[in-house]
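I have placed the structure first, in the form of structure tokens, so that the comments after it can refer back to it.
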Amino acid sequence: MIKNSTKKKILIPNRGVIALDIIDSMKSIGLETILLHSPEDSNSLAVKMACRSYKFLSSKLEDSYMDREAIIEKALELDVDYIHPGYGFLAEDPEFFRLCEEKNIEVVGPGSKLLKLVENKIELRQIAEDLGIRVIKYSGVIKSSLDFEKIPPTFNYPLILKPLKGLGGKGIKVVEDRQKGEERVNKMLQREWIKNTGIFAEEYFPEAHNIEIPFIRDIDGNILFLPEIESSIQRRFQKIFQESPSVNISDTLRESLYEDSRRIIEEIKFVGLGYTEFLISNGASYFSEINPSYQINALIPEVHIIANFLKKQFAISNGELLHDVKGVKIVKPKYSVLLVSLMAENPLDNFQPSSGVLSEFFKYSTIRNIFKTSLYTGAKVSPLYDPYIGKIVTFAIKRKNSINDMNNFLSNIIIKGIRTNLNFLRFVLESNCLASGDTTINFLNNKCRFADRKKSEEEIQVAASLLSAAFHIDNRKKNYKEKLEHMKQPGFLRRLFKKF
Amino acid sequence: MIKNSTKKKILIPNRGVIALDIIDSMKSIGLETILLHSPEDSNSLAVKMACRSYKFLSSKLEDSYMDREAIIEKALELDVDYIHPGYGFLAEDPEFFRLCEEKNIEVVGPGSKLLKLVENKIELRQIAEDLGIRVIKYSGVIKSSLDFEKIPPTFNYPLILKPLKGLGGKGIKVVEDRQKGEERVNKMLQREWIKNTGIFAEEYFPEAHNIEIPFIRDIDGNILFLPEIESSIQRRFQKIFQESPSVNISDTLRESLYEDSRRIIEEIKFVGLGYTEFLISNGASYFSEINPSYQINALIPEVHIIANFLKKQFAISNGELLHDVKGVKIVKPKYSVLLVSLMAENPLDNFQPSSGVLSEFFKYSTIRNIFKTSLYTGAKVSPLYDPYIGKIVTFAIKRKNSINDMNNFLSNIIIKGIRTNLNFLRFVLESNCLASGDTTINFLNNKCRFADRKKSEEEIQVAASLLSAAFHIDNRKKNYKEKLEHMKQPGFLRRLFKKF
Amino acid sequence: MKYKFQLDKKNFETIIASSTTFHSETEIKVNKAKASILIGEYDDNGIKSFFYNNRLYQVEIEKDSEGYPTGIYVNGEHYSSNLLKIDKLFYYKDKPVVTKKSGIVKSFIPGNIVKIFFNEGDKVKEGDLIMIHEAMKMENEMRAPVSGKLKIIGVKEGDNILASHLLFEIE
Amino acid sequence: MKYKFQLDKKNFETIIASSTTFHSETEIKVNKAKASILIGEYDDNGIKSFFYNNRLYQVEIEKDSEGYPTGIYVNGEHYSSNLLKIDKLFYYKDKPVVTKKSGIVKSFIPGNIVKIFFNEGDKVKEGDLIMIHEAMKMENEMRAPVSGKLKIIGVKEGDNILASHLLFEIE
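Heads up: the protein sequence lines correspond to chains P, G, Z and D, in order. 95 is the number of the first residue of the first sequence in the working numbering; add one for each residue after it. 95 is the number of the first residue of the second sequence in the working numbering; add one for each residue after it. 92 is the number of the first residue of the third sequence in the working numbering; add one for each residue after it. 92 is the number of the first residue of the fourth sequence in the working numbering; add one for each residue after it.
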């Protein structure tokens, strides 16, 4: 069943789950999906699913998924109609968007100007402040330890140091006092990618909640607001567990978050799919930033309204209007939606990333949950890339049931060949402070430490039996091998080992 | 994360997807799931997922999943609280239920008496007729060619011959005229399992639609009706493609179907989950039978109300009442829900069943579809069992989009090692008479014949290139092997073949 | 090298440089048309997928006892083939794609014989229902492919048989 | 046979009939307690799962260079072990589970060195941030496990390194 010819073409210079999502969504609306992938990703599921795929010459990030020129060159050569940058990599890169606009290539996103504005977290907060919106107390740009000393003593420690133009949690550090701060600033400023643009500091609220408001705004200025997402539970500033709605904000606070969001995105004339992000501390909200691209957690609002956000994002960025939204529409949540991030890392060894080939992979999908992953039996988890390997969503009317369903779903997953955070996630799901909704930014540091988990006598005894049983069999094999090699009966040997 | 001890236990003497569904659902409500499986199914996904599992001694059906005594014996030995017979096998067997009731084992289902009544398709129709409900014209029991001759000439051919107590499509035959009918009856009566209970004949409507009404009735007599399912598209009387709601019945007809269903199930005091089945011909409805157990297509109503029907069935059969249903509640469909059956059979070779080991298995799940399957890379599809290996549901507001999503979803599935009906399903989804809703019982015979599909020049040319390329490489390998064996350089040989 | 063969009744001639392994993108000529081919995945069992003009195709090759291709599955679609000629290096005599109807019927899959309607020696007409072979819970009606005399019945009722077991032979 | 070993710091003694292969359900004694064990799945790489009292457990065995078990993953949970004794047939000297802190630090995974904050010869305190090793897009801060003098720095900034490459050594 081959189809192609006069289809419109979309180029996808990305990998992993987001690449799969884009391929699947764009195929289903009749586009020809053309993947650009690194040699390292040659056997990825994305390559299997894409209509066509072209290989970068190198797997180095800067020569593949981050290579603006190479990507645009290929786009022109293949005469594609669109580029979807996906998530991460160049998805929020103003320069990439500028170059595309220069070459009249439609790239899905809010455009270079807006990305440039949003990228500078200090400017953005100034805009918010000018609108009278409370923001987290932040410093000016820090490009030297001198700049750091200029931070007024009114700032309360701990402080959090962020690269001015960082993506995700990369490079972010928390410092306890001024002296540690200076040390850290010096260290950070020795890094090329940080030095040029600089750092800024803001007050750190370990007991705060992290809240995101997903929204879509069309060219006429109509806004669709989706239920807020609480993404407080983070490790190394990576979101591990997210839920929507949050159980930690009142209706009045919720309304003010929507109102603040509306004013900011209208002020900067944001068109497309995005997220406003706030910190909530002692019932007060502080605006922190805007995520201007399709995020991992887009699956949450997708479930709330059972719609495909990549298709919506694509339509909006092509100048279409939101369906039956005039002015501002705020979606009320029907379900408690949970999202966990499956990571290839070993919780038992300080969450060190784990790479390798999947020797086994089983799961069982049922109603009321979705498991998006690039894993398959035989797939290679590469050390070159982010250990993020999948996301799982469950939803139910009651939060309690949603948590229970998620735990049950994870219990049905078997992954071998790499270490994952599966059991860690189950541990989090079973913790009391999650059940009670006491989810704050320091959750994993103070409230729920995996290391603390004690194994039961029974568990250890089972492990002991299994270990000796396995070792016992290996020994029998070894002994037979030796014996038989003496006896020089390879035939017998072969017959024997069929059993094992 | 081991949990057990004082949990209630449920025994599951079944296999495949239904076993997985039961294990998953019952685990999630805190039961300990104990699987009984045949030696043939030792590496099945069900064994991996069940809390505990015990193996039958033999894989012969009558000595395993159909062995009433062995199952009940095990249930007593393990002191289980419940048995869930699942689907097929003993799920509708009055004798099995009677034995369980005798031993005071709670078995999930409507009870032996009711099953006995429903099992006899002639009695059931008499009850319906007494209620003034139109039924398909049917004969009395046929246990000899003499009985067959008694069929009055008022019966219009073609006739359909059914074993009085058959399950699914097994043994059902259509005959064009009286003479063919006699031949066939003689043949059928030579079969042990048919001879004892006999056959009956009914008029056959090739242009009719097959409609099922799923319902749940609790002990207080409250009834929850779900949107009707059209399951007309069948091959060998196996349902291949099903949709809900049907596009072929008017609202007035729909209401009368609900009304007829209500009267029948109230008359026979059905308690539990079931389906009433009707034929629709020229706008008139004819009651045919009741399916008294959880069916493959339960996934459709589950999607309509986003609820787990195994949990509901379990609750009802434990005497709980339907939530917020007083009297009769009829659910209105929000979505066009489609369901296809994935079969291990080769459409290109008269749909002969295909067994073997899955060498590759990829799929990609996204929002708005669910793929339930017992397949995994390395799984064995056994020749001993039904070729049904999975079911896929998609749903969308518009039927058109739902069909498109299904086709797109199937296009992302790769299965190797066995033949499947994937491309056949895609062919059906792309056919015009499906798009126009012209779905009748003879759909696959008259309207949409797979064999007719013509391959494009391009497709054949691609195949030609790939074939010669593959053959070319094999030859090179072969030649090298020969050459090198002469050269006696196994080392070199090994180095060389790393490449392949 | 030059390959001549039939595929779905059409004649093809493909030209591949004899050193080609397709481990890097290479050109192939099909009836004069040019295309690029690259191996996608492969393992000990052989090629699993090819890139053809940058499109990935899942392939499974069917071979006869001598290892010559008799067909190919491309993305699950089957094409029957008949190799005619491989330039100078090899040469095979033509193999017809369809052999003439034989009276020999074998089981295509393991299963059991639930019913036999004739005895050895009986005369049968083409299309007669000879026996019912149940596999994977489906009743497969084994009918006479030709008219003639039932020379051999290779099974009895209740037999559990493996694949390609002789069911009956008509002469 | 009798196996004596430590598991998660606890001592265990298991008894297994020496002929046992666990291909059929067999009894095992663990610290006097009895249990039934049966192999679930296995392949060339060894055992993949066991039934223990009819419960299926996914197992992955960790071994040292000599092939002696140093740990086991059961359903993804890790248990470190230390084999002490195997009745008369074999005998191994004790191996301590935790070796004393060494000053040698190696990479645990392939990646690249994005920053080094010290030079060879520098004095460093335990916990000092010596270098940043980026792998899987995560910055891993390699700190001094002990105080002392930086004897060797095995990498330079920008190096792409494989797993267990020497990063630095403190003496």
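Note that beta-carbon positions come from the ideal geometry of N, C-alpha and C, so glycine has one too. In this text the structure is predicted, and so the values were computed from the model without any measurement.
Which chain G residues sit within Cβ distance under 9 Å of residue i?
i                     : result
residue 472 (chain P) : 454, 471
residue 397 (chain P) : 461
residue 367 (chain P) : Those within 9 Å of residue 367 (chain P) in chain G number zero; the least Cβ separation is about 15 Å.
Using only the heavy atoms of the ligand SAH, determine whether one of them is closer than 6 Å to the beta carbon of residue i.
i                    : result
residue 99 (chain Z) : The ligand SAH is not part of the structure shown, which contains no ligands of any sort.
So residue i is in the alpha helix (DSSP H); what residue range does that whole segment cover?
i                     : result
residue 280 (chain P) : 272-283
residue 169 (chain G) : 162-171
residue 346 (chain P) : 345-361
residue 222 (chain G) : 215-224
residue 203 (chain Z) : Premise fails: residue 203 (chain Z) lies in the beta strand (DSSP E), 202-207, not in any alpha helix (DSSP H).
residue 289 (chain P) : 286-289
In chain G, which residues lie with their C-beta within 7 Å of the C-beta of residue i?
i                     : result
residue 208 (chain Z) : 281
residue 104 (chain D) : Simply none; closest approach about 22 Å.
residue 145 (chain D) : 146, 147, 148
residue 150 (chain Z) : 560, 564
residue 132 (chain D) : 137
residue 199 (chain Z) : 446
Counting along the chain, where does the beta strand (DSSP E) carrying residue i start and finish?
i                     : result
residue 229 (chain D) : 229-234
residue 257 (chain G) : 253-257
residue 409 (chain P) : No beta strand (DSSP E) holds residue 409 (chain P); the alpha helix (DSSP H) holding it covers 403-411.
residue 521 (chain G) : First-last for residue 521 (chain G): 516-523, but that is the alpha helix (DSSP H), not the beta strand (DSSP E).
residue 98 (chain D)  : 93-98
Taking the alpha carbon of residue i as the reference point, which residue from the options has its own alpha carbon closest?
i                     : options                    : result
residue 263 (chain P) : P:226, P:334, P:315        : P:334
residue 366 (chain G) : G:148, G:379, G:343, G:316 : G:316
residue 233 (chain P) : P:226, P:225, P:220        : P:220
residue 153 (chain P) : D:219, D:140, D:251        : D:251
residue 127 (chain Z) : Z:177, Z:137, Z:116        : Z:116
residue 532 (chain G) : G:374, G:137, G:186, G:295 : G:374
Taking the CB atoms as reference points, tell me whether residue i and residue j lie closer together than 7 Å.
i                     : j                     : result
residue 258 (chain P) : residue 298 (chain P) : no
residue 522 (chain G) : residue 433 (chain G) : no
residue 199 (chain G) : residue 382 (chain G) : no
residue 269 (chain G) : residue 275 (chain G) : yes
residue 332 (chain G) : residue 325 (chain G) : no
residue 427 (chain G) : residue 321 (chain G) : yes
residue 130 (chain G) : residue 148 (chain G) : yes
residue 209 (chain P) : residue 188 (chain P) : yes
Whose Cβ in chain G lies nearer than 8 Å to the Cβ of residue i?
i                     : result
residue 132 (chain P) : The premise fails here: residue 132 (chain P) is roughly 20 Å from chain G at the closest Cβ pair, so nothing lies under 8 Å.
residue 263 (chain Z) : Outside the displayed span of chain Z (92 to 262) sits residue 263 (chain Z), for which this structure offers no information.
Counting only Cβ pairs nearer than 8 Å, list the residues of chain Z close to residue i.
i                     : result
residue 284 (chain G) : 206, 208
residue 595 (chain G) : Nothing in the structure corresponds to residue 595 (chain G), since chain G is present only between 95 and 594.
residue 554 (chain G) : 98, 99, 101, 170
Kindly list, in the order they appear in chain Z, the residues whose Cβ is closer than 9 Å to that of residue i.
i                     : result
residue 480 (chain G) : 227, 228, 229
Would you mind telling me which residues of chain P sit closer than 8 Å to residue i, beta carbon to beta carbon, in chain order?
i                     : result
residue 498 (chain G) : 122
What in chain D is Cβ-close to residue i, meaning under 7 Å?
i                     : result
residue 142 (chain G) : 147
Listing by chain order, which chain P residues have their CB less than 7 Å from the CB of residue i?
i                     : result
residue 113 (chain D) : 563, 567
residue 114 (chain G) : 458
Below 9 Å on C-beta distance, what does residue i contact in chain P?
i                     : result
residue 118 (chain G) : 458, 460, 502, 503, 506
Between the stretch 112-122 of chain G and the stretch 458-467 of chain P, do three or more beta carbon pairs fall short of 8 Å?
In short, these stretches touch, since the Cβ pair count reaches three.
Could you check whether the stretch 557-572 of chain G touches the stretch 100-107 of chain Z, counting it as contact only if at least three pairs of C-beta atoms, one from each stretch, sit closer than 8 Å?
Because the criterion of three Cβ pairs below 8 Å is met, the stretch 557-572 of chain G and the stretch 100-107 of chain Z touch.
Would you call the stretch 193-203 of chain Z and the stretch 217-236 of chain Z touching, i.e. three or more CB-CB distances under 8 Å?
Contact between the stretch 193-203 of chain Z and the stretch 217-236 of chain Z is present, because at least three Cβ pairs lie under 8 Å.
Cβ contact (3+ pairs, closer than 8 Å) linking the stretch 434-450 of chain P and the stretch 398-408 of chain P:
Segments in contact, no.
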